[in-house]
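Following the working numbering, the numbering of the sequence shown begins with 42 at its first residue and continues without gaps. We put the CB at the ideal spot given by N, CA and C, even for glycine. In what follows, a single structure is set out as structure tokens and then discussed.
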Amino acid sequence: MKILKVIHGFPPDYMAGSEVYSYNLVKALSKQVEEINVFTTVENEFAKKYEVYDEVYDEINIHRINKFRRDYAFEEKFHDENIESDFRRYLTRVKPDIVHFGHLSHLSTGLLSIVAKEYKLPIIFTVHDFWLFCVKGQLINQNFDICRGATAEKCHDCSPYQTTIKRVQEKLDYMRGIIDFINIFLVPSHTLRNYFIKQGVSEKKLIYSKYGFNTNKITYKKRYYDVTSSINFGFMGRVIPTKGIRVLIDALKNIDAQLSIYGNIGSQKRFLQQHNIQFKGGYDNNSINQVLSEIDVLIVPSIWLENSPLVIQEAFLAGIPVITSNIGGMKELVTDGVNGFLFDVGNAQSLQECIIKIIHNPSILNDLSVLKKDVRTIEDDANFVYGIYKRVSSY
């Protein structure tokens with residue numbers, strides 16, 4: 042069985058959640074399938090636009106096409122004939138039996154039609170966010186309120202790209218049409234699955250499948266605290282508004298708690314500085330074990346309906362409890378008072394109360410049950426996905 046994995050970015054150039062997960066899955070699947078290749082983009086300012094090259098990274102065959110992610114026109118975000126032409130050539134060359142998509146942002150939605158109609162191959166699609174129904178992917182508007190339903194007018198107001206309401210409506214209609222080309226969706230959260238069902242996607246196509254992790258990469262440690270213990274709170278990830286950074290900063294005001302932020306912040310640092318916050322800078326997935334060893338409690342204050350945050354499950358692998366917003370995939374992973382604490386999304390006072398509860402009595406952390414076994418291994422994940430491949434290969 043020959044598999045082609047398609048994803049908008051791939052290590053070592055891109056190391057966000059979906060990219061790292063895709064890398065781990067490809068590595069695990071390579072032990073089960075005859076051949077697996079990766080089709081992805083890269084952003085190399087020293088090369089020509091749409092220049093292509095093949096490379097081997099960590100024994101993975103990768104085909105990269107150069108595409109700059111700045112100055113997009115609205116149409117180019119979703120449809121790119123240059124990407125499609127190269128994709129056809131690559132499909133003809135590697136001759137996969139199944140194409141497994143991870144994301145189409147920065148690529149082209151036309152790739153689905155090419156696979157299904159021209160090459161008549163089955164399609165698996167791992168869903169990482171709401172991008173198929175939302176121009177920004179996060180179902181959150183410019184006022185940072187959760188969007189309760191897409192319309193051309195609302196999406197036009199939200200779009201970071203210059204366009205018209207008519208073009209947005211055409212895009213929404215087109216996206217709903219191409220979804221029919223997908224045989225199976227692998228969805229890591231019930232939140233996302235339920236949303237897709239409400240959008241008219243058949244329940245039979247939507248298979249709940251938790252993310253798998255390289256569990257050997259992170260060291261589990263059971264920690265014990267008493268009333269004198271000093272607690273190190275931590276935030277890990279992209280330092281952007283939808284991650285709830287403003288909520289977190291406000292919650293830390295006027296209380297005796299220490300927070301370390303691990304993530305690239307750039308010129309925005311001066312807007313977030315406080316005496317009890319340390320900015321540790323960015324990190325890559327290879328240093329995650331070291332970062333986690335410096336944290337007692339992880340805070341994930343996102344204000345959007347996160348699908349299934351990898352960082353929460355990585356914290357669990359290290360034995361670290363999590364404070365997080367009470368919505369979406371975050372609420373699915375964290376049970377209040379069991380493996381962490383939930384607070385009202387977007388409410389700095391509610392988050393502050395959780396933090397104060399811990400710093401006033403650190404020993405309450407001893408009563409939590411943060412279990413490594415609750416996190417799926419990448420091997421189990423790959424076995425499950427391989428079973429899906431065998432299922433669709435008979436279509």
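Check, Outcome
"Boundaries (first-last residue) of the beta strand (DSSP E) holding D95", "V93 to Y98"
"Beta-bridge partners of R105, as assigned by DSSP", "T81 and Y94"
"Contact between the stretch 349–363 and the stretch 80–97 (3+ Cβ pairs under 8 angstroms)", "no"
"Whole alpha helix (DSSP H) elements within the stretch 304–348, 4-residue minimum", "310–313 and 329–334"
"Closest Cα partner of H144 within the set Y261, Y94, V61 and V93", "V61"
"Proximal residues to E92 (C-beta, below 7 angstroms), its chain only, five neighbours per side dropped", "N107"
"Complete alpha helix (DSSP H) runs within the stretch 269–297 (minimum length 4 residues, chain order)", "286–292"
"Inter-stretch contact at 8 angstroms, needing at least 3 Cβ pairs: the stretch 398–418 / the stretch 235–249", "no"
"CB contact check: I165 to chain B, cutoff 9 angstroms", "Chain labels in this structure do not include chain B; a single protein chain is all it has."
"Exposed unless 16 or more other CB atoms sit within 10 angstroms - verdict on R105", "buried"
"T205 (DSSP reduced to helix, strand or coil)", "coil"
"Separation of N305 from F174, as counted between CA atoms", "28 angstroms"
"Rounded C-alpha distance that separates I458 from K46", "This structure cannot speak to residue 458, because the chain is shown only from 42 to 436."
"I361 in three-state terms, based on DSSP", "coil"
"Cβ-Cβ distance between V74 and M42 below 9 angstroms", "yes"
"Endpoints, the alpha helix (DSSP H) within which I139 is located", "Element bounds for I139: not the alpha helix (DSSP H) but the beta strand (DSSP E), I139 to F142."
"Range covered by the beta strand (DSSP E) that runs through G381", "G381 to F384"
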